[in-house]
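End of the sequence shown = 339 in this note's numbering, gap-free, step of one.
Don't be surprised by glycine CBs; every beta carbon is placed ideally from N, CA and C.
For clarity, every value in this text was computed on a predicted model and none was experimentally measured.
Shown next, in structure tokens, is the structure this report addresses.
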Amino acid sequence: MTLAFLPSPPSPYLTLGPLMIHWYAVMVVLGVLAGVVIGQRRWSARGGAAGAVLDVTMVAVPFGILGGRLYHVITSWQLYFGPGKNPVEALYVWQGGLGVWGAIAGGTLGAWIAARRRGIDFAAFADALAPAVLVGQAIGRIGCWFNQELYGRPTTLPWGLKIDPMYRPAATPDAATYHPTFAYEALWDLGAAGLVIWAQRRFRLDRGRVFALYVAAYTAGRGWIETLRVDPANHILGLRLNVWTSMLLFLAAVVFLVLRSRPAPVAVTQEEPGLPKTTTPVSGSPLAASAAPETDPTAAPPAQGTDSGPREETRAAPRTTA
């Protein structure tokens with residue numbers, strides 16, 4: 018018998034007179050607002066325009082909801098299609114069921130489209146918003162607590178989550194408390210946000226590396242948390258589909274970080290015996306500006322008819338006729 022546990026909310030609805038609002042939707046909206054506020058402060062600190070984050074969010078959120086729902090329906094199609102199922106329920110977003118991978122992919126696509134239209138450097142923009150997105154995800158994940166969904170295996174730990182009998186899985190109807198995976202993920206997201214901010218300042222990450230670190234940090238925790246969950250899911254080689262997705266995205270993020278961390282290439286242009294080696298920075302590298310020749314603005318132009326250096330023979334370009 019568990020002496021201590023986390024209780025579940027008595028109702029998934031917020032009742033305001035005749036109006037009933039799903040707490041899940043409330044938490045998602047609060048997560049978006051928190052992300053906008055934090056993201057705008059970070060973007061403004063980097064010289065970004067005021068209101069840019071809100072404008073981009075207005076496009077990214079619908080894309081994120083669409084992508085999240087599509088991912089959920091595609092990867093959990095058995096919940097909506099087949100004998101005894103109602104395919105129309107695939108549209109009931111307010112009942113829960115947003116795949117975070119689809120939401121991130123859809124939201125990123127929407128943000129890229131909006132940033133491109135505003136002429137915003139998307140890599141710098143994504144770096145500024147990465148910690149804000151993690152905080153928003155942490156808040157939004159609390160919506161699963163109100164819905165009593167996406168919990169983990171049965172547990173007798175003091176922080177086990179009490180699940181009402183009507184929400185318990187058929188395989189463990191007598192277990193009263195389960196791993197609160199929503200809380201694990203929310204805490205992990207907040208910790209990852211702190212890690213991303215610290216790493217950016219410590220290692221001066223830029224050019225999309227902050228966002229890549231966000232992906233790596235999030236997927237590392239999500240892959241572990243996913244192994245605790247007992248909700249229906251498709252499996253590949255004994256692992257839940259979301260575990261495979263986490264591993265693939267983690268590897269992709271690490272590869273991106275490694276490639277972006279390499280120094281800018283420098284091309285060797287001249288080397289003679291007895292003389293120091295000279296190099297020419299590759300175009301676009303930080304050394305290119307310093308390699309440009311300096312001119313003296315006070316120097317007088319050479320007198321007409323005098324030699325100022327080697328002459329080059331010039332010829333008129335041949336004309337073409339049709």
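Boundaries of the alpha helix (DSSP H) harbouring Thr125: 117 to 135, taken from the DSSP string.
Short of 7 Å from the beta carbon of Ala216, and not among the five residues preceding or following it, lie these beta carbons of its own chain, in chain order: Leu222, Leu230. Taking the Cβ atoms as the reference, Gly169 lies roughly 4 Å from Thr198, within the contact range of under 8 Å. Using a Cβ distance threshold of 9 Å, Tyr201 and Gly238 count as a contacting pair.
Sequence-distant partners of Arg59 (beyond 5 residues in either direction) whose C-beta falls short of 6 Å from its own C-beta, in its chain, are Ala145. Inclusion of Leu266 and Thr244 in the CB contact set at 9 Å is not warranted, their separation being larger than that value.
In the three-state reduction of the DSSP assignment, Ile82 falls in the helix class, which pools H, G and I. Judged by beta-carbon spacing, Val70 lies beyond the 9 Å limit of Val46, meaning their Cβ atoms are not closer than that value.
Contact between the stretch 32 to 43 and the stretch 104 to 117 is present: 3 or more CB-CB pairs across the two stretches fall below 8 Å. Distance from the CA of Pro175 to the CA of Pro29, rounded to the nearest whole angstrom, comes to 23 Å. Taking 9 Å as the cut-off, the Cβ atoms of Ile156 and Ala51 count as close.
By alpha-carbon distance to Gly116, the top candidate from Ala128, Cys161, Arg133 is Cys161.
Phe163 and Ser263 have their C-alpha atoms spaced approximately 25 Å apart. Relative to Ala66, the option among Phe142, Ala210, Phe220 whose CA is nearest is Phe142.
Per DSSP, the unbroken alpha helix (DSSP H) holding Tyr41 starts and ends at 40 to 62. Per DSSP, reduced to three states, the secondary structure at Tyr109 is coil, with no helix or strand assignment. Of Ser93, Pro104, Gly48, Gly84, the smallest CA-CA separation from Arg257 is found for Ser93. Exclusion of the five residues before and after Pro186 leaves Val247 as the residues of its chain whose Cβ lies within less than 7 Å of its Cβ. Note on geometry: alpha-carbon atoms of Leu36 and Pro171 lie some 35 Å from one another. DSSP places Tyr30 inside the beta strand (DSSP E), whose first and last residues are 30 to 33. A Cβ-Cβ distance of about 4 Å is found for the pair Val76 and Ala131, placing them in contact under the 8 Å criterion.
In this structure, Gly225 lies near Ala140, with their beta-carbon atoms less than 9 Å apart. Annotation for Leu204: the continuous alpha helix (DSSP H) segment containing it runs 198 to 220. DSSP places Met183 in no alpha helix (DSSP H); its state is neither H nor E.
Across the structure, Leu254 and Arg277 are spaced so that their CA atoms are roughly 33 Å apart. For Trp162, the enclosing alpha helix (DSSP H) has its first and last residue at 160 to 164.
Ranked by how close their Cα comes to the Cα of Ile137, the residues Ala107, Val73, Pro27 have Val73 in first place.
Annotated as proximal: Asp206 and Val152, with beta-carbon spacing under 9 Å. Considering only Ala128, Leu96, Ile180, the residue with the shortest C-alpha distance to Pro26 is Ile180. By the neighbour-count criterion, in which a residue is buried when 16 or more other Cβ atoms sit within 10 angstroms of its Cβ, Leu178 is buried. For Val227, the enclosing alpha helix (DSSP H) begins and ends at 226 to 243. At the C-beta level, Val90 and Ala147 stay beyond 9 Å of one another.
Closest option to Asp191, judged by alpha-carbon separation, among Thr173, Pro79, Pro280: Thr173. For the pair Pro182 and Gln165, the Cα-to-Cα distance works out to about 11 Å.
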